[in-house]
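Let me begin by presenting the structure, written as structure tokens, before commenting on it.
Structure, rendered in structure tokens:
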């Protein structure tokens with residue numbers, strides 16, 4: 116890093132990048148490095164994004180422009196990905212009842228005890 120950045124600026128940039136990575140895992144955009152699984156936890160992601168937003172607001176004055184731009188970009192990128200995931204979750208939730216209703220209409224009623232005609236064999 117440049118000598119223009121203080122130790123605290125470098126730590127802040129590292130923190131912002133770490134929080135951005137954590138949020139991307141929480142959004143299911145990256146695999147969880149501990150488990151190797153892709154998981155989506157929108158509530159946790161929203162909390163992490165809120166932390167980055169707070170840092171962005173608190174660091175407006177006395178912080179080098181490059182650090183502020185990094186925070187701005189991280190927050191904007193995460194907010195867009197958050198909205199993307201929320202929409203995907205909502206679409207999946209809406210599709211499940213529709214799929215269940217469609218499957219329910221095409222399935223024969225199991226409670227009447229009757230076998231479908233194709234399974235009854237030849238009629239005498």
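Residue numbers (my numbering): 116 to 239. Glycine included, every Cβ here is placed at the ideal spot set by N, Cα and C.
Rounding to the nearest angstrom, what Cα-Cα distance links residue i and residue j in this structure?
i: residue 134; j: residue 207; result: 27 Å
i: residue 136; j: residue 214; result: 35 Å
i: residue 167; j: residue 187; result: 9 Å
i: residue 205; j: residue 196; result: 14 Å
i: residue 209; j: residue 130; result: 37 Å
i: residue 123; j: residue 174; result: 11 Å
i: residue 170; j: residue 143; result: 23 Å
i: residue 126; j: residue 194; result: 23 Å
i: residue 198; j: residue 218; result: 30 Å
i: residue 177; j: residue 162; result: 25 Å
i: residue 211; j: residue 154; result: 19 Å
i: residue 192; j: residue 148; result: 21 Å
i: residue 151; j: residue 172; result: 33 Å
Grab me the residues of residue i's own chain with a C-beta within less than 8 Å of its C-beta, minus the 5 sequence neighbours each way, in chain order.
i: residue 120; result: 128, 179, 181, 182
i: residue 201; result: 157
i: residue 185; result: 128, 131, 132
Starting from the C-beta of residue i, find all residues in its chain whose C-beta is less than 6 Å away, skip the five residues before and the five after it, and write them out in chain order.
i: residue 238; result: Any reading at residue 238 must be qualified, since the residue scores a pLDDT of 44, below 50, and its modelled position is unreliable; the value itself is stated next. So the list is empty, once near-sequence residues are dropped.
What first and last residue would you give for the alpha helix (DSSP H) that runs through residue i?
i: residue 153; result: Unbroken run through residue 153: none, as it is neither H nor E.
i: residue 133; result: 122-141
Could you check how far apart the C-beta atoms of residue i and residue j are, in whole angstroms? I think they sit under 8 Å.
i: residue 190; j: residue 164; result: 7 Å
Is residue j closer than 7 Å to residue i when the C-beta atoms are compared?
i: residue 138; j: residue 160; result: yes
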